[in-house]
Structure formats: structure tokens, C-alpha cells
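Order-wise, the sequence lines are chains A and B.
Per the numbering used here, residue 1 is the first one in the first sequence, and the count goes up by one each step.
Per the numbering used here, residue 1001 is the first one in the second sequence, and the count goes up by one each step.
Idealized CB from N, CA, C, for every residue including glycine.
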Amino acid sequence: DAKTTQPTSMDCAEGRAANLPCNHSTISGNEYVYWYRQIHSQGPQYIIHGLKNNETNEMASLIITEDRKSSTLILPHATLRDTAVYYCIVRTRQGGSEKLVFGKGMKLTVNP
Amino acid sequence: DAGVTQSPTHLIKTRGQHVTLRCSPISGHKSVSWYQQVLGQGPQFIFQYYEKEERGRGNFPDRFSARQFPNYSSELNVNALLLGDSALYLCASSHFRDSPETQYFGPGTRLLVL
């Protein structure tokens, strides 16, 4: 029941910006978009989240379209260590429980 | 600050056995969630616990159970292990009361069932 669509994979050159797209056309008005990444079977690492406005932190920027049906995660200067599977998730609260519904994610490969 | 810790890191069991996996949340976090990740797939939600009570359960059989202790650490138990239970088991902690809630993951326990 993943509510997001991502490309299967993407390549990026080291030092360039990596723009990772995500479609979430059925997102509800109070649902947040979350991004995690997972490096080689380690635990997923939280990157950033947003509701309506663009967000930026020390790791990345998140651009959400005005209709909220899609978003883009931007890694401004990709390094080899950014090679990972990136998950775009619409946060779901069912009853009193929070759960993250992961899809298969997108493999980003940063090339030297 | 210590992140989420999980033990053991790796485990090998045989079919029919049971297993107990442990998780300690980030200090100050009162909610723990468990996820199963089989090879090639994203993590799947199993349970969420808050203040020692189950707050949510994913689509997993009753062989899977969990509990949370007064210090907010948690155990995941799996009985009558099947080959298909081989996976990376992830624990995530959060404040729960925050809106939105952000879950932080541990390194996982890799379980192999032979």
C-alpha cells in the first residue's frame, strides 16, 4: 500500500547536485512527505520531511510542488558516500499508530 | 548521543525455533517500532509500542509478538521460525507525542533461518 512512486535507479556524478523525484498524487492534506536512505543494509537514515513548504537541513533540500502531488529531494553536492537506496514515504497514521510504508525505493549511484 | 541500539547483530536459527531480538531506543524516546526487511524489498511495519502498550500492528502472523519494558526498551519475539522469516529486523524509536513523528532506525539484526 505504498503511496509513492519513484524511479528504480539514478546515476549522478560526484560533486554535482542529485535531484531525486517522487510522485505522491494521492497524498492527503495533512500527510507529510518523508525521505530516508539506506546504505548497504544498514538501518534507514532519516534525511528530511515536509508538508507544504520547501525544507532544507544540513543533509538535503526538499522541494514540494504547490499541489503536493510530487516532490524532489536535492543533494546539493553528491559524494560517493551518498550512494544508497532512497525512500520517499508518505507518513501514515492509522488509529493511534504511526507507521512508515516503504516502497522499493530508488537506488542512487554516485560515480567518481 | 547514542542512537538506537539492537542486539544481536546477526543470528542463525533453524526452522521451528524461536528467536528474541532486542532494541534500546534513543534516550528520551518512548515509542519503539519494529520492521522486517527481506532482501530486495523496503522495510515492512510489524509493531509499534508506546508506553508499554501496542499501538499498531502490521500484517504479520501471531507467531510475531513484542513487548516494551518500563525503560522503553523492547523485545521482538518470533516463534516457530520459517525459512521466510530470514530478514533484517529493524527497530525505530520516536517521541510519539511529536507531530509529525520522526522515527530513527537502529542498525538492525540480520536473522538467517536454515
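1. For the beta strand (DSSP E) that P1070 of chain B lies in, which residues bound it at each end?
2. For D82 of chain A, name the three-state secondary structure that DSSP assigns.
3. Determine contact between the stretch 1045-1058 of chain B and the stretch 85-105 of chain A, defined as no fewer than three beta-carbon pairs at a distance below 8 angstroms.
4. What are the boundary residues of the beta strand (DSSP E) that includes V1019 of chain B?
5. For the stretch 1098-1114 of chain B, list every residue whose C-beta sits within 7 angstroms of some C-beta in chain A, in sequence order.
6. Using the Cβ count rule (16 or more neighbours within 10 Å means buried), how would you classify P44 of chain A?
7. Looking at R48 of chain A: is its Cβ nearer than 8 angstroms to the Cβ of N57 of chain A?
8. Taking the beta strand (DSSP E) that T72 of chain A belongs to, which residues open and close that run?
9. Could you list which residues in chain A have their beta carbon closer than 8 angstroms to that of L1090 of chain B, in chain order?
10. Name, please, each residue of chain B whose Cβ falls closer than 7 angstroms to the Cβ of S86 of chain A.
11. Does the Cβ-Cβ distance between L73 of chain A and L80 of chain A come in under 8 angstroms?
12. So the candidates are B:S1007, B:L1021 and B:Q1037; which of them puts its Cα closest to the Cα of S1086 of chain B?
13. For L1081 of chain B, count neighbouring Cβ atoms within 10 angstroms of its own Cβ and tell me buried if that reaches 16, exposed if not.
14. Once DSSP output is grouped into helix, strand and coil, what is the label at G1028 of chain B?
15. How close, in whole Å, do the beta carbons of C22 of chain A and S71 of chain A come, if the pair is a contact with beta carbons under 8 angstroms?
16. Considering only heavy atoms of the ligand HEM, does any lie closer than 7 angstroms to the CB of R1067 of chain B?
17. Which residue or residues does DSSP assign as beta-bridge partners of A1087 of chain B?
18. H49 of chain A CB to nearest chain B CB: under 8 angstroms?
Let me spell this out:
1. It is not in any beta strand (DSSP E) - P1070 of chain B carries neither H nor E in the DSSP assignment.
2. helix
3. yes
4. V1019 to S1024
5. P1100, E1101, T1102, Q1103, Y1104, F1105, G1106, P1107 and G1108
6. buried
7. Note that residue 48 of chain A corresponds to Ile in the displayed sequence, not to Arg. Cβ atoms of I48 of chain A and N57 of chain A: closer than 8 angstroms.
8. S70 to L75
9. G43 and P44
10. In the sequence as displayed, the identity of residue 86 of chain A is Tyr instead of Ser. Residues of chain B passing the Cβ test: none, with the nearest at roughly 11 angstroms.
11. Not in contact: L73 of chain A and L80 of chain A (Cβ atoms no closer than 8 angstroms).
12. B:Q1037
13. Result: buried.
14. coil
15. In this structure C22 of chain A is in contact with S71 of chain A, their Cβ atoms being roughly 5 angstroms apart against a cut-off of 8 angstroms.
16. Questions concerning the ligand HEM fall outside what the structure shown contains, since it holds no ligand whatsoever.
17. In the DSSP secondary-structure assignment, A1087 of chain B is bridged to B:L1111.
18. Cβ-Cβ to chain B under 8 angstroms: yes for H49 of chain A.
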